[in-house]
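Chemist: In the working numbering, the protein residues as written are 48 to 520.
Note that CB positions come from ideal geometry on N, CA and C, so glycine has one too.
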Amino acid sequence: MDKQLLYRCIEEKAPLLTQLSDAIWEYAELSMQEHRSAQAYLDILRAEGFTVEAELCGMPTAFLGKYGSGKPVIGILGEFDALSGLSQVAGKTQREWKIPGGSGHGCGHNLLGAASLGAAIAIKEQIAAGNLQGTVVFYGCPGEEGCAGKTFMARDGMFRDLDAALCWHPGDVNEVTTGSNAASVQVQYTFTGVSAHAAGDPEHGRSALDAAELMNIGVQFLREHMPKSCGLHYSFLDAGGISPNVVQPTATVLYMVRGNDVRIAKALLKRVDNIAQGAAMMTETSVSSRQIDGSSNTVSNSVLEKLLQENLEQAPLPEYTQEELSFAAKLKETCGEPVLPGQWVNENTQLQSFSKEASQNGTLPLNNFVMPYTPSKQVSPGSTDVGDVSWLAPTAQFSAVTWVSGSPGHSWQNVSIGTHSIAHKGLLLAAKVLAGATMDLMENPETLRLCREEFEIATQSGYDCPIGKEVTF
Ligand SMILES: [Zn+2]
Numbered sequence: 048m049d050k051q052l053l054y055r056c057i058e059e060k061a062p063l064l065t066q067l068s069d070a071i072w073e074y075a076e077l078s079m080q081e082h083r084s085a086q087a088y089l090d091i092l093r094a095e096g097f098t099v100e101a102e103l104c105g106m107p108t109a110f111l112g113k114y115g116s117g118k119p120v121i122g123i124l125g126e127f128d129a130l131s132g133l134s135q136v137a138g139k140t141q142r143e144w145k146i147p148g149g150s151g152h153g154c155g156h157n158l159l160g161a162a163s164l165g166a167a168i169a170i171k172e173q174i175a176a177g178n179l180q181g182t183v184v185f186y187g188c189p190g191e192e193g194c195a196g197k198t199f200m201a202r203d204g205m206f207r208d209l210d211a212a213l214c215w216h217p218g219d220v221n222e223v224t225t226g227s228n229a230a231s232v233q234v235q236y237t238f239t240g241v242s243a244h245a246a247g248d249p250e251h252g253r254s255a256l257d258a259a260e261l262m263n264i265g266v267q268f269l270r271e272h273m274p275k276s277c278g279l280h281y282s283f284l285d286a287g288g289i290s291p292n293v294v295q296p297t298a299t300v301l302y303m304v305r306g307n308d309v310r311i312a313k314a315l316l317k318r319v320d321n322i323a324q325g326a327a328m329m330t331e332t333s334v335s336s337r338q339i340d341g342s343s344n345t346v347s348n349s350v351l352e353k354l355l356q357e358n359l360e361q362a363p364l365p366e367y368t369q370e371e372l373s374f375a376a377k378l379k380e381t382c383g384e385p386v387l388p389g390q391w392v393n394e395n396t397q398l399q400s401f402s403k404e405a406s407q408n409g410t411l412p413l414n415n416f417v418m419p420y421t422p423s424k425q426v427s428p429g430s431t432d433v434g435d436v437s438w439l440a441p442t443a444q445f446s447a448v449t450w451v452s453g454s455p456g457h458s459w460q461n462v463s464i465g466t467h468s469i470a471h472k473g474l475l476l477a478a479k480v481l482a483g484a485t486m487d488l489m490e491n492p493e494t495l496r497l498c499r500e501e502f503e504i505a506t507q508s509g510y511d512c513p514i515g516k517e518v519t520f
């Protein structure tokens, strides 16, 4: 089949996809609260003739749309949640709150889901026309930014039937993602003490806030004695109240523990648990803990990655107008200096100065080129619940340019550009790459066989889900 048919379909659907993306940007709903966003997707999936399953695994905003029949079954992953504190007026080159304290799409998930849907629709049209055989499944995955919706879906048996899963992420470079991501677990610790007048009756008080502070101090000492690749982050969810003259009877801290794989993260978590117990003992308070979520390290698949690279090189790159370039240049000025001008530090912090493309990165307002494929075994310090999908089916991802070069992740700059024609062009490019790769997989059983073979070897140890049955979202 000619890939141009897919590209044309995506161009025809451009108004639908960009309107969807802009609407999701406007809703800016946080993890697991994406009700209007999910509804917008469900409406389109139904109108486009997909068989829809809503409220997957008991999550009100998780869903899928399926089209076609038989093998192969290719999954395309979509996300749509926003981030708190990142509300921003669109199209500005300076920080300007849209809603003070509101949320915004600083990670571009408005674009992410819409492009994935666009690819699924283009494949559906070709299955309907009899040009392709197989099944395409669009997954509406909630709560990537907090709660790890895909991990709950993976725990409850989804993704296992897929022959391959594809996804992408908005970014400042057109590049196939290689290497792995850290695994993570999030646990909430709640200390309970006894309130009392802080000055008049302090001997009767048992401070939960003291316990939480001592726990954090204990964890600071732990940092020296854990593998260098691990990470520990925390935030206060409850500091026990606002009155300094009261001994705080409650305090809650949320911990995120990262390691190169789930086993390492869980082992470190046990040591954090011990510190919490120690802090409770020191302060004569009690502590309880509750796991919030978790995500696995990603298993890379070079067969699928090379296929994405081919498709990234085949799809026509966007052409930018003078207006777009000057907007991008102004926005880039607000992003600070690149780490090393003329050199590209990729997600795996490997310096890549050997290619012409790499040396241009950080010097142009928009990186309008495709980075060479540089397979790596490095583990990126961040985590994603795409990792859990990658343990259950061969999975690969890439990034496409929707942001200005050097733009920080989770930033107001990314919110500002999120409805701009530059971002829309990146959305359409991503949809074409995903659709092209899905077409290749449906037409080439040998590619699927090879990616399955690599997957089976890489996942021999089996999927160790980072969340147990007792964890609820
Ligand atoms: Zn993201």
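#1: Taking Q444 as part of the beta strand (DSSP E), name the residues at either end of that continuous run.
#2: Could you give the DSSP three-state label for N292: helix, strand or coil?
#3: Can you tell me whether DSSP reads E394 as helix, strand or coil?
#4: Going by beta-carbon coordinates alone, are T345 and S227 separated by less than 8 angstroms?
#5: May I ask you to list the residues that DSSP assigns as paired with C214?
#6: Quick check: is any heavy atom of ligand 1 less than 7 angstroms from the C-beta of H152?
#7: Starting from H244, trace the alpha helix (DSSP H) in both directions and tell me its first and last residue.
#8: Could you tell me if R253 is buried or exposed, where buried requires 16 or more neighbouring beta carbons within 10 angstroms of its beta carbon?
#9: Which of the three DSSP states is assigned to L130 in this structure?
#10: Compare the Cα-Cα distances from C382 to each of N461, Q356 and S335 and report the closest residue.
#11: Quick check: is any heavy atom of ligand 1 less than 7 angstroms from the C-beta of E81?
#12: Indicate the three-state DSSP secondary structure (helix, strand or coil) for I264 in the structure shown.
#13: Enumerate in chain order the residues of its own chain whose CB-to-CB distance from A243 is below 7 angstroms, with the five nearest sequence positions on each side excluded.
#14: Is H216 near ligand 1, going by C-beta to nearest heavy atom under 7 angstroms?
#15: Could you give the first and the last residue of the continuous alpha helix (DSSP H) run that contains R305?
#16: Looking at E222 and ligand 1, is the gap between the Cβ and the nearest heavy atom below 7 angstroms?
#17: Helix, strand or coil, according to DSSP, for N415 in the structure here?
#18: With respect to the alpha helix (DSSP H) encompassing G325, which residues constitute its N-terminal and C-terminal limits?
#19: Does the Cβ of E360 lie closer than 7 angstroms to at least one heavy atom of ligand 1?
#20: Can you name the start and end residues of the beta strand (DSSP E) that Q338 belongs to?
#21: Drop a sphere of 10 angstroms on the beta-carbon of I91, count the other beta-carbons inside from all chains shown, and report buried for 16 or more, exposed for fewer.
#22: Please list, in chain order, all residues of the same chain as Q507 whose beta carbon is under 8 angstroms from its beta carbon, the five residues on each side excluded.
#23: Relative to the C-alpha of P119, which candidate in G515, V518 and C498 has its C-alpha closest?
#24: Would you report the Cα separation of S333 and L279, rounded to the nearest angstrom?
#25: Quick check on the DSSP output: what are the complete alpha helix (DSSP H) runs of length 4 or more inside the stretch 424-487, in order along the chain?
#26: In terms of DSSP beta bridges, what is Q235 paired with?
#27: Starting from the C-beta of M273, find all residues in its chain whose C-beta is less than 7 angstroms away, skip the five residues before and the five after it, and write them out in chain order.
#28: Given that a residue counts as buried once 16 or more other Cβ atoms are within 10 Å of its Cβ, and exposed if not, what is N157?
#29: Is D257 helix, strand or coil by DSSP?
#30: Tell me the DSSP bridge mates of Y510?
#31: Would S78 and P147 qualify as a contact pair, given that the criterion is a beta-carbon distance under 8 angstroms?
#32: Less than 8 angstroms separating the beta-carbons of T297 and A326?
#33: Sort out for me which residues DSSP pairs H152 with in a bridge.
#34: Straight-line CA distance for W215 to A505?
#35: Can you tell me which of the three DSSP states L279 falls into?
#36: Among the residues of its own chain, which have a CB less than 8 angstroms from the CB of S335, if the five just before and after it don't count?
Modeler: In short, the structure shows the following:
#1: In the sequence shown, the residue the question calls residue 444 occupies position 397. Q444 -> beta strand (DSSP E) spans T442 to V448.
#2: Start at 1 with the first residue of the sequence shown, and residue 292 comes out as number 245. Coil, per DSSP.
#3: On the sequence shown, position 347 is the one that residue 394 refers to. Confidence at E394 is low in this model, with a pLDDT of 45, below 50, so the placement of that residue is unreliable and no value is reported for it.
#4: For this step, residue 345 is matched to residue 298 along the sequence shown. For this step, residue 227 is matched to residue 180 along the sequence shown. In this structure, S227 lies closer than 8 angstroms to T345 by Cβ.
#5: Within the sequence shown, numbered from 1, the residue matching residue 214 stands at position 167. C214 pairs with Q444.
#6: As a first step, residue 152 must be located in the sequence shown, where it is residue number 105. Answer for H152: no, Cβ out of range of ligand 1.
#7: Locating residue 244 in the sequence shown gives position 197, counting from the first residue. H244 -> no alpha helix (DSSP H), and no H or E assigned at all.
#8: Numbered from 1 along the sequence shown, position 206 holds the residue referred to as residue 253. Its Cβ being crowded by 16 or more others within 10 Å, R253 is buried.
#9: Taking the first residue of the sequence shown as position 1, residue 130 is located at position 83. Correct three-state label for L130: strand.
#10: Looking up residue 382 in the sequence shown gives position 335. Of the candidates N461, Q356 and S335, the residue whose Cα lies closest to the Cα of C382 is N461.
#11: For the purposes of this step, residue 81 is identified with residue 34 of the sequence shown, where counting begins at 1. E81 Cβ: outside cutoff for every heavy atom of ligand 1.
#12: As a first step, residue 264 is located in the sequence shown; it is residue number 217 there, counting from the start. Helix at I264.
#13: Along the sequence shown, one-based indexing puts residue 243 at 196. Hits under 7 angstroms: P249, H251, G252 and V294.
#14: Indexing the sequence shown from 1 puts residue 216 at position 169. It does: the Cβ of H216 is within 7 angstroms (strictly closer) of some heavy atom of ligand 1.
#15: Taking the sequence shown and counting its residues from 1, the one referred to as residue 305 is at position 258. From DSSP, R305 is part of no alpha helix (DSSP H) but of the beta strand (DSSP E) over T297 to G306.
#16: Sequence index remark: in the sequence shown, residue 222 carries index 175 (1-based). Every heavy atom of ligand 1 is 7 angstroms or more from the Cβ of E222, so no.
#17: Looking up residue 415 in the sequence shown gives position 368. In this structure, N415 counts as coil in the three-state DSSP scheme.
#18: The residue given as residue 325 occupies position 278 in the sequence shown. First-last of the alpha helix (DSSP H) with G325: V309 to T330.
#19: Taking the first residue of the sequence shown as 1, we reach residue 360 at position 313. It does not: the Cβ of E360 is nowhere closer than 7 angstroms to a heavy atom of ligand 1.
#20: Residue mapping note: residue 338 aligns to position 291 of the sequence shown, counting from 1. Segment S333 to S342, the beta strand (DSSP E) holding Q338.
#21: Along the sequence shown, one-based indexing puts residue 91 at 44. So I91 counts as buried.
#22: Along the sequence shown, read from residue 1 onward, the residue named residue 507 stands at position 460. Cβ neighbours of Q507 beyond the five flanking positions: none.
#23: Stepping through the sequence shown from its first residue, residue 119 is reached at position 72. Checked all of G515, V518 and C498; the closest Cα to P119 is C498.
#24: Residue numbering aside, residue 333 sits at position 286 when the sequence shown is read from its first letter. Residue numbering aside, residue 279 sits at position 232 when the sequence shown is read from its first letter. Going from the Cα of S333 to the Cα of L279 covers about 22 angstroms.
#25: 433-437 and 459-463
#26: Your numbering for residue 235 matches position 188 in the sequence shown. When DSSP reads this structure, Q235 sits in a beta bridge with L301 and R337.
#27: Position 226 of the sequence shown, counted from the start, is the residue given in the question as residue 273. These residues qualify, in order along the chain: L315.
#28: For this step, residue 157 is matched to residue 110 along the sequence shown. N157 should be labelled buried.
#29: Locating residue 257 in the sequence shown gives position 210, counting from the first residue. Of the three classes helix, strand and coil, the one that applies to D257 here is helix, per DSSP.
#30: In the sequence shown, the residue the question calls residue 510 occupies position 463. Y510 pairs with nothing; no bridge assigned.
#31: Position 31 of the sequence shown, counted from the first residue, corresponds to residue 78. Position 100 of the sequence shown, counted from the first residue, corresponds to residue 147. No, the Cβ-Cβ distance between S78 and P147 is not below 8 angstroms.
#32: As a position in the sequence shown, residue 297 is number 250, starting the count at 1. As a position in the sequence shown, residue 326 is number 279, starting the count at 1. Taking the C-beta atoms as reference points, A326 is found no nearer than 8 angstroms to T297.
#33: Counting from one through the sequence shown, the residue named residue 152 turns up at place 105. The partner list for H152 (beta bridge, DSSP) is empty, contrary to what the question assumes.
#34: Stepping through the sequence shown from its first residue, residue 215 is reached at position 168. Stepping through the sequence shown from its first residue, residue 505 is reached at position 458. Their backbone Cα atoms lie some 21 angstroms apart in a straight line.
#35: Here residue 279 corresponds to residue number 232 of the sequence shown, with the count starting at 1. In the structure shown, L279 sits in a strand (DSSP, three-state: E or B).
#36: Walking along the sequence shown from the start, residue 335 turns up at place 288. Once the five neighbours on either side are set aside, the close Cβ partners of S335 are Y236, T237 and T239.
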